[in-house]
């Protein structure tokens, strides 16, 4: 980085680093190229000067950079930033872009863009043959299905306002990736000098009071209520509230396993099994993209289905036709607190007596299923090998260990046997394989004092670019344990 006159604004690249720090980015996951030199120089200058800056994390494959950002957000709740090289690096993000979208990861992906000018007097001009080859007609087309928003920085003085906007969009509900293209000339242009104020993300909506009352009435009228959730405990504080609602209604909670969604050992926690759906007459769906697979197991056709979700309609999924009678767009944690209060107001002595009996029956059924899981763990049958292995792992793990899961075929065995507290179990809940190794790396960076274990199938291990993931983990002092459940096949085969 050079500044001809100390009173001149710094290069835009230096402002980018200051902006990342101000937005709360702790680690900047970078796979460098010809476009990233100004950013790397700015990072080095900030570190030398002792000014706030994120830690630069070198990733030798782009998919590891984004997988790590996903994992870091799960563990820290912070917004994330990734830097890749032009169109080629964007393409190499691959499946992790899909995972970031479906997981709702608030990440700003910065990608270089071939310089516009070939004039030698223009700083950052084209100076190698690849600057012609890597220019595409529509570079953002690669991400358009997956990113919430995209923008190119045309000049250095526009960078700060565009970056502020990118973080606002990425973090606003429903959160997800934003994509910003950075021509090298713009990075080497002067910036604005004084950073613009942060643009805070929109506060997630609370539920409409009237609609929440209707939803509570439907739950109260139900005789066999079941709750389905995938990632309500993305905010671990929501787990306790959900547990109390389940206890009040006597409703089993079918945990789809993207997070640990109930307090550890909760007697209404159903893992690795969705059987309670089959007899439910009322279903509450929370933060689930696929509540059930109709051809495999579903509630009765006349069951009443209600939903609370920050993104209930799922417009990014062309076909999503679950028979939801009442859907509330709301921050689930806030909605659950208000729902609990509403249910307590409606709870007559007669209702409490019915709910208590229902709870007792549900807990007995779940305990019986848990007994089956214990029998599997002690079995010597070939088909129970994964359960036995996961039970041994679960008993050996320290209480504070975090599990990053991508076992795929053996996912039910992991769910049954490796029981963790909220905030200590992470799965993207998305089908694009190859996340767990990079994800575990990101979790470890976010929680350096916490033991981290990645559980993979052999397929997802290979898709995870293990040489790149393990290199980065070693390089940055972020060790984790990897367990590979090698069934020597893909689920599809």
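In our numbering, the protein residues as written are -18 to 474.
The C-beta atom is built at its ideal place from N, Cα and C for all residues, glycine as well.
Computed from a predicted model, the values in this text were never measured in an experiment.
Contact under 8 Å by Cβ, residue i with residue j
i: residue 98; j: residue 4; result: no
i: residue 234; j: residue 245; result: no
i: residue 289; j: residue 311; result: yes
i: residue 61; j: residue 96; result: no
i: residue 262; j: residue 195; result: no
i: residue 209; j: residue 266; result: yes
i: residue 382; j: residue 434; result: yes
i: residue 124; j: residue 163; result: no
i: residue 214; j: residue 241; result: yes
i: residue 134; j: residue 0; result: no
Contact set for residue i: own chain, Cβ-Cβ below 6 Å, skip 5 residues either direction
i: residue 20; result: -6
i: residue 149; result: 180, 182
i: residue 57; result: 427
i: residue 431; result: 381, 383
i: residue 309; result: 188, 192, 289
Straight-line gap, residue i to residue j (C-alpha atoms, nearest Å)
i: residue 111; j: residue 66; result: 12 Å
i: residue 387; j: residue 106; result: 44 Å
i: residue 36; j: residue 412; result: 30 Å
i: residue 415; j: residue 453; result: 15 Å
i: residue 398; j: residue 407; result: 15 Å
i: residue 274; j: residue 282; result: 13 Å
i: residue 348; j: residue 355; result: 10 Å
i: residue -16; j: residue 178; result: Below a pLDDT of 50, predicted positions are generally treated as unreliable, and residue -16, at 46, falls in that range; the measurement from the model is reported next regardless. Their backbone Cα atoms lie some 24 Å apart in a straight line.
i: residue 422; j: residue 43; result: 14 Å
i: residue 212; j: residue 307; result: 20 Å
i: residue 73; j: residue 45; result: 10 Å
i: residue 463; j: residue 80; result: 20 Å
i: residue 131; j: residue 142; result: 13 Å
i: residue 30; j: residue 137; result: 22 Å
i: residue 277; j: residue 50; result: 34 Å
i: residue 103; j: residue 120; result: 23 Å
i: residue 238; j: residue 161; result: 32 Å
i: residue 200; j: residue 186; result: 22 Å
i: residue 379; j: residue 351; result: 21 Å
Residues near residue i in its chain [Cβ-Cβ closer than 8 Å; skip 5 each side]
i: residue 391; result: 367, 371, 438, 466, 468
i: residue -18; result: For residue -18, the predicted model reports a pLDDT of 44, less than 50, meaning its position is unreliable; a value from the coordinates is still stated below. Excluding residues within five positions, the ones whose Cβ falls inside 8 Å are -9, -8, -6, -5, 19, 22, 23, 26.
i: residue 360; result: 368, 369
i: residue 456; result: 39
i: residue 444; result: 76, 414, 415
i: residue 264; result: 206, 207, 208, 209, 258, 272, 280, 284, 285, 286, 287
i: residue 169; result: -8, -7, -6, 19, 104, 105, 137
Other residues of its chain near residue i: CB distance less than 7 Å, five sequence neighbours each side excluded
i: residue 228; result: 249, 340
i: residue 155; result: 85, 291, 292
i: residue 2; result: 33, 34, 35
i: residue 471; result: 440
i: residue 247; result: 224
i: residue 279; result: 258, 273
i: residue 450; result: 45, 418, 419, 422
i: residue 158; result: 78, 81, 82, 86, 88, 90, 127, 128, 129, 151
Paired residues, beta bridge with residue i - DSSP
i: residue 132; result: 161
i: residue 298; result: In the DSSP output, where bridge partners are listed per residue, residue 298 has none listed.
i: residue 64; result: 11, 91
i: residue 171; result: -8
i: residue 209; result: 235, 266
i: residue 462; result: 434
i: residue 36; result: 8
i: residue 305; result: 286
i: residue 240; result: 407
i: residue 310; result: 290
Heavy atom of the ligand COA within 7 Å of residue i beta-carbon
i: residue 406; result: Judged by which ligands are present, the structure shown has none, so any question about the ligand COA falls away.
For the stretch 407 to 439, list the alpha helix (DSSP H) runs that are entirely contained and at least 4 residues long, ordered along the chain. Complete alpha helix (DSSP H) runs here, min 4: 417 to 427.
List in chain order: all unbroken alpha helix (DSSP H) runs of 4+ residues lying wholly within the stretch 348 to 401. Listed in chain order, the alpha helix (DSSP H) runs fully inside the stretch 348 to 401 are 366 to 377, 392 to 398, counting runs of at least 4 residues.
In chain order, each beta strand (DSSP E) run of at least 3 residues that lies wholly inside the stretch 246 to 295: Within the stretch 246 to 295, the complete beta strand (DSSP E) segments of 3 residues or longer fall at 250 to 252, 263 to 267, 285 to 290, listed in chain order.
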